[in-house]
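J.: Supplied in structure tokens, the structure appears directly below.
Protein chains: 2
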Amino acid sequence: MARKTGSRAEITGPLIRRAALSLFARHGYAAVSMRRIAAEVGVQAGTLYLYTSDKQSLLFELMRSHMEELLAAWGREPKGKEPPARLAAFVRFHIRFHLERPEAVFLAYMELRSLVPENFARIEALRQRYEDALADILRAGIAAGRFQVADLRLATMSIIAMLTGVNTWYRDGGRLSREEVGEIYVEMVGRLVGPDRGAAPDPGVFGER
Amino acid sequence: MARKTGSRAEITGPLIRRAALSLFARHGYAAVSMRRIAAEVGVQAGTLYLYTSDKQSLLFELMRSHMEELLAAWGREPKGKEPPARLAAFVRFHIRFHLERPEAVFLAYMELRSLVPENFARIEALRQRYEDALADILRAGIAAGRFQVADLRLATMSIIAMLTGVNTWYRDGGRLSREEVGEIYVEMVGRLVGPDRGAAPDPGVFGER
DNA sequence: GCTTGGCATGAACGCCCGTTCAGTTAATCT
DNA sequence: AGATTAACTGAACGGGCGTTCATGCCAAGC
């Protein structure tokens with residue numbers, strides 16, 4: 007598989023994906039033409055079709071690879087054993103991972119409606135798996151008496167929404183570092199699911215890494 | 007101003023706005039043509055230009071009127087006096103108002119990037135005013151010792167994000183009614199900002215209507 | 001009954017769209 | 001050196017785009 011000298015195609019393919027990702031994220035799938043993507047890469051429009059079967063596949067591949075990287079990265083993440091530690095790990099992971107690739111995140115959330123139904127279903131299935139990862143943590147914590155939530159699904163959706171919302175306002179060089187934001191969200195999410203502090207079996211444990 | 011018989015124009019204008027709102031929300035601004043909007047209304051494309059100066063103004067007017075209705079409706083809302091009651095009112099109001107007009111909400115959040123810079127700034131200013139309404143409640147509650155948050159701005163953004171997130175999953179006829187969802191969110195938001203229950207001056211008060 | 005004016009048409013303008021493909025280039029292999 | 005082939009071009013296809021405007025219709029006002 008691996009070669010000593012990368013052929014031109016091995017470079018152009020990723021360049022096209024990067025250009026498409028950036029343009030789709032900034033202007034929207036429908037508003038970006040194949041010619042504009044080609045111009046960004048420095049080739050003619052026809053060349054794009056040596057690397058993708060059509061515009062829809064280009065979008066779908068960007069979204070699919072983003073979602074699979076997300077799941078794979080969470081799979082590799084050290085998580086701790088107890089539910090509170092796992093939840094804190096999820097919060098830190100989500101914020102870090104999402105802030106590292108804002109364009110892919112934006113695309114994955116905004117262009118679902120641009121996918122043909124079959125592709126939509128495949129992306130939706132991946133998104134669901136990620137959501138389940140969080141729901142599983144909450145469920146385990148509830149079973150262990152470490153969390154107390156009125157409704158598992160609503161708590162799951164709330165947490166995902168508030169975490170993903172960070173991408174809409176966070177800017178590098180702002181008042182808080184990514185890590186500081188992460189810690190504040192760990193604390194807020196902890197309150198959201200935590201039993202009252204006084205009643206907690208081990209109050210100090212939640213913040214543990 | 008008011009006439010006995012509405013002229014045709016007084017009907018067609020709103021019809022165009024409704025059709026544009028629905029199509030823009032479902033397929034995206036860039037993906038919807040003026041001809042398609044016209045077809046939905048049952049007129050020719052040229053007719054649209056008797057009611058709007060161009061496609062961009064059509065989008066902007068939809069977003070502007072949505073944001074101004076939001077601010078006006080919150081202004082009319084009975085809010086209670088104490089910060090905890092005001093926060094609960096905000097949560098209930100936000101969920102109810104947003105679930106009542108999913109298309110306008112979707113448009114206002116997804117098509118910001120389709121606005122020319124001047125229009126973007128005007129919508130952004132309105133959004134900021136709404137965000138400030140929530141921040142003011144939290145600030146008052148913190149000053150009164152009723153809330154305890156690590157960071158005012160992050161708490162504000164978190165709450166807005168989790169509330170708006172309801173629109174992405176709520177479906178009528180599902181497991182929970184709008185009111186039930188509202189109450190669960192009142193409780194979750196209460197935990198997010200609440201001092202530990204044991205330390206609260208008046209623990210039972212938060213849920214009050 | 002005639003005029004006025006609001007309302008709508010439908011053709012036209014210049015331009016850009018996604019996609020295809022015969023042909024050209026330049027690097028690699030024998 | 002000649003053949004092969006991967007990479008890319010640039011023109012072309014049919015069609016849709018936002019917007020304009022001369023023209024026609026028809027109900028209301030005189």
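If you read the protein sequences in the order shown, they are chains Y and Z. Just so you know, we're using the numbering used here here: the first sequence kicks off at 7 and counts up by one. Just so you know, we're using the numbering used here here: the second sequence kicks off at 7 and counts up by one. Even glycine gets a Cβ: it sits at the ideal position worked out from N, Cα and C. Note that this is a predicted model, so its numbers are computed, not measured.
How is the alpha helix (DSSP H) around Glu193 of chain Y delimited, first residue to last?
T.: Indexing the first sequence from 1 puts residue 193 of chain Y at position 187. That run of the alpha helix (DSSP H) goes Arg184 to Val199.
J.: For chain Y, is any of its Cβ atoms less than 7 angstroms away from the one on Gly196 of chain Z?
T.: On the second sequence, residue 196 of chain Z is found 190 positions in, with the first residue counted as 1. False, the Cβ-Cβ gap to chain Y never drops below 7 angstroms.
J.: Would you say Met69 of chain Z lies against chain Y (beta-carbon separation less than 7 angstroms)?
T.: Stepping through the second sequence from its first residue, residue 69 of chain Z is reached at position 63. Taking Cβ atoms only, chain Y never reaches closer than 7 angstroms to Met69 of chain Z, which makes this a no.
J.: Excluding the 5 residues flanking Leu140 of chain Z on each side, which residues of the same chain have their C-beta closer than 7 angstroms to its C-beta?
T.: Locating residue 140 of chain Z in the second sequence gives position 134, where the first residue counts as 1. The answer, listed in chain order, is Phe96, Thr162, Ile165 and Ile166.
J.: For Val187 of chain Y, which residues in chain Z fall below 9 angstroms Cβ to Cβ?
T.: If you number the first sequence from 1, residue 187 of chain Y lands on position 181. Those within 9 angstroms of Val187 of chain Y in chain Z are Asp157 and Leu160.
J.: Classify Gly213 of chain Z as helix, strand or coil using the three-state DSSP reduction.
T.: Start at 1 with the first residue of the second sequence, and residue 213 of chain Z comes out as number 207. Reliability of the predicted coordinates at Gly213 of chain Z is poor, the pLDDT of 43 falling under 50, and the value obtained from them is presented with this limitation in mind. In this structure, Gly213 of chain Z counts as helix in the three-state DSSP scheme.
J.: Using a beta-carbon distance below 7 angstroms, is Met40 of chain Y in contact with chain Z?
T.: Here the question's residue 40 of chain Y lines up with position 34 in the first sequence. For Met40 of chain Y, the answer is no, since every Cβ of chain Z falls outside 7 angstroms of its Cβ.
J.: Taking the beta carbon of Ile129 of chain Z as the centre, do at least 16 other beta carbons fall within 10 Å, making it buried, or is it exposed?
T.: What you label residue 129 of chain Z is simply residue 123 of the second sequence in a count that begins at 1. Result: buried.
J.: Should Ala161 of chain Z be listed as close to the ligand COA, given that the test is whether its C-beta is under 6 angstroms from any heavy atom?
T.: This structure does not include the ligand COA; it has no bound ligands of any sort.
J.: When you compare each of Z:Val192, Z:Arg181, Z:Leu113 and Z:Arg159 to Tyr176 of chain Y by their alpha carbons, which one comes out closest?
T.: Here residue 176 of chain Y refers to the residue found at position 170 of the first sequence. Nearest C-alpha to Tyr176 of chain Y: Z:Arg159.
J.: Residues of the stretch 112–127 of chain Z in Cβ contact with chain Y at a cutoff of 8 angstroms, in chain order, please.
T.: For the stretch 112–127 of chain Z, which is checked against every Cβ of chain Y, the residues closer than 8 angstroms are Met116, Arg119 and Ser120.
J.: Could you list which residues in chain Z have their beta carbon closer than 9 angstroms to that of His33 of chain Y, in chain order?
T.: Numbered from 1 along the first sequence, position 27 holds the residue referred to as residue 33 of chain Y. Chain Z residues near His33 of chain Y: Ala36, Arg119 and Ser120.
J.: Could you work out which residue in Z:Val111, Z:Ala150, Z:Phe153 and Z:Arg197 is closest to Arg32 of chain Z when comparing CA atoms only?
T.: Translated into positions along the second sequence, residue 32 of chain Z becomes position 26. Comparing Cα positions, the closest option is Z:Val111.
J.: Looking at Arg107 of chain Y: is its Cβ nearer than 7 angstroms to the Cβ of Gly188 of chain Y?
T.: Taking the first residue of the first sequence as 1, we reach residue 107 of chain Y at position 101. Taking the first residue of the first sequence as 1, we reach residue 188 of chain Y at position 182. Not in contact: Arg107 of chain Y and Gly188 of chain Y (Cβ atoms no closer than 7 angstroms).
J.: Strictly below 7 angstroms CB to CB, what residues from chain Z border Ile101 of chain Y?
T.: Position 95 of the first sequence, counted from the first residue, corresponds to residue 101 of chain Y. Under the 7 angstroms cutoff, chain Z gives no residues; its nearest Cβ is about 11 angstroms from Ile101 of chain Y.
J.: Looking at the C-beta of Gly147 of chain Z, does it have a partner C-beta in chain Y at a distance below 7 angstroms?
T.: Here residue 147 of chain Z corresponds to residue number 141 of the second sequence, with the count starting at 1. Gly147 of chain Z does not count as touching chain Y.
J.: Closer than 8 angstroms by beta-carbon distance: list the chain Y residues that pair up with Ser164 of chain Z, in chain order.
T.: As a working note, residue 164 of chain Z is residue 158 in the second sequence. Chain Y residues near Ser164 of chain Z: Met168, Gly171, Tyr191 and Met194.
J.: Given a cut-off of 7 angstroms on the beta-carbon distance, is the pair Glu46 of chain Z and Ala25 of chain Z in contact?
T.: What you label residue 46 of chain Z is simply residue 40 of the second sequence in a count that begins at 1. What you label residue 25 of chain Z is simply residue 19 of the second sequence in a count that begins at 1. Going by C-beta atoms, Glu46 of chain Z is nearer than 7 angstroms to Ala25 of chain Z.
J.: Would Ile17 of chain Z pass as an interface residue toward chain Y - the criterion being a Cβ-Cβ separation below 7 angstroms?
T.: Translated into the one-based positions of the second sequence, residue 17 of chain Z becomes position 11. So, not an interface residue.
J.: When you compare the stretch 178–193 of chain Z with the stretch 120–137 of chain Z, are there three or more beta-carbon pairs, one atom per stretch, that lie closer than 8 angstroms?
T.: Taking 8 angstroms as the limit for Cβ pairs, the verdict is that the stretch 120–137 of chain Z does not touch the stretch 178–193 of chain Z.
J.: Counting C-beta neighbours from all protein chains within 10 Å, is the total for Leu56 of chain Z 16 or more, i.e. buried, or is it exposed?
T.: Walking along the second sequence from the start, residue 56 of chain Z turns up at place 50. Under this definition Leu56 of chain Z is an exposed residue.
J.: Nearest-angstrom Cα distance between Leu93 of chain Y and Asp142 of chain Z?
T.: Residue 93 of chain Y sits at position 87 when you count from the first residue of the first sequence. Residue 142 of chain Z sits at position 136 when you count from the first residue of the second sequence. Each residue's Cα considered, the two are about 30 angstroms apart.
J.: How would you call Ser1 of chain Z, buried or exposed, if buried means at least 16 neighbouring beta carbons within 10 angstroms?
T.: Outside the displayed range of chain Z (7 to 215) lies residue 1 of chain Z, so it cannot be described from this structure.
J.: If Leu105 of chain Y sits next to Val172 of chain Y, beta carbons under 8 angstroms apart, how far is it from one beta carbon to the other, in whole angstroms?
T.: Position 99 of the first sequence, counted from the start, is the residue given in the question as residue 105 of chain Y. Position 166 of the first sequence, counted from the start, is the residue given in the question as residue 172 of chain Y. At roughly 7 angstroms, the Cβ-Cβ gap stays under 8 angstroms, so Leu105 of chain Y and Val172 of chain Y are in contact.
J.: Just reading off the alpha helix (DSSP H) that Gln62 of chain Z is part of, what are its end residues?
T.: As a working mapping, residue 62 of chain Z is identified with position 56 in the second sequence. Gln62 of chain Z -> alpha helix (DSSP H) spans Lys61 to Arg82.
J.: Given a threshold of 16 other Cβ atoms within 10 Å of its Cβ, counted over all protein chains shown, does Ile190 of chain Y qualify as buried or as exposed?
T.: Taking the first sequence and counting its residues from 1, one reaches residue 190 of chain Y at position 184. Classification for Ile190 of chain Y: buried.
J.: Using the beta-carbon count (16 or more within 10 Å), is Ile17 of chain Y buried or exposed?
T.: Counting from 1 along the first sequence, the entry for residue 17 of chain Y is found at position 11. Flag for Ile17 of chain Y reads exposed.
J.: Identify, in the order they occur along the chain, each residue of the same chain with its Cβ nearer than 7 angstroms to the Cβ of Val122 of chain Z, setting aside the five sequence neighbours on each side.
T.: For this step, residue 122 of chain Z is matched to residue 116 along the second sequence. Within the same chain, Val122 of chain Z has close Cβ partners Gln62.
J.: Look at the alpha carbon of Ala36 of chain Z and the alpha carbon of Ser120 of chain Z, and state the distance between them as a whole number of angstroms.
T.: Taking the first residue of the second sequence as 1, we reach residue 36 of chain Z at position 30. Taking the first residue of the second sequence as 1, we reach residue 120 of chain Z at position 114. Rounded to whole angstroms, Ala36 of chain Z to Ser120 of chain Z spans 8 angstroms at the Cα level.
J.: Report yes or no: is there a C-beta of chain Y within less than 7 angstroms of the C-beta of Trp175 of chain Z?
T.: Here residue 175 of chain Z refers to the residue found at position 169 of the second sequence. It does; some Cβ of chain Y falls within 7 angstroms.
J.: Going by DSSP in three states, Gly151 of chain Z sits in which element: helix, strand or coil?
T.: Residue numbering aside, residue 151 of chain Z sits at position 145 when the second sequence is read from its first letter. Gly151 of chain Z falls in the coil class under three-state DSSP.
J.: Shorter than 7 angstroms from the beta carbon of Ala26 of chain Z to some beta carbon of chain Y?
T.: Taking the second sequence and counting its residues from 1, one reaches residue 26 of chain Z at position 20. Closer than 7 angstroms: no.
J.: For Pro20 of chain Z, count neighbouring C-beta atoms within 10 Å of its own C-beta (all shown protein chains included) and say buried if the count is 16 or more, exposed if not.
T.: Position 14 of the second sequence, counted from the start, is the residue given in the question as residue 20 of chain Z. By the 10 Å Cβ count, Pro20 of chain Z comes out exposed.
J.: Which residues in the same chain have their Cβ closer than 8 angstroms to the Cβ of Arg145 of chain Z, if we skip the five residues on either side of it in sequence?
T.: On the second sequence, residue 145 of chain Z is found 139 positions in, with the first residue counted as 1. Result list for Arg145 of chain Z: Leu158, in chain order.
J.: For Tyr35 of chain Z, which three-state DSSP category applies?
T.: Counting from one through the second sequence, the residue named residue 35 of chain Z turns up at place 29. Of the three classes helix, strand and coil, the one that applies to Tyr35 of chain Z here is coil, per DSSP.
J.: Taking the beta carbon of Arg197 of chain Z as the centre, do at least 16 other beta carbons fall within 10 Å, making it buried, or is it exposed?
T.: Taking the second sequence and counting its residues from 1, one reaches residue 197 of chain Z at position 191. Arg197 of chain Z comes out buried.
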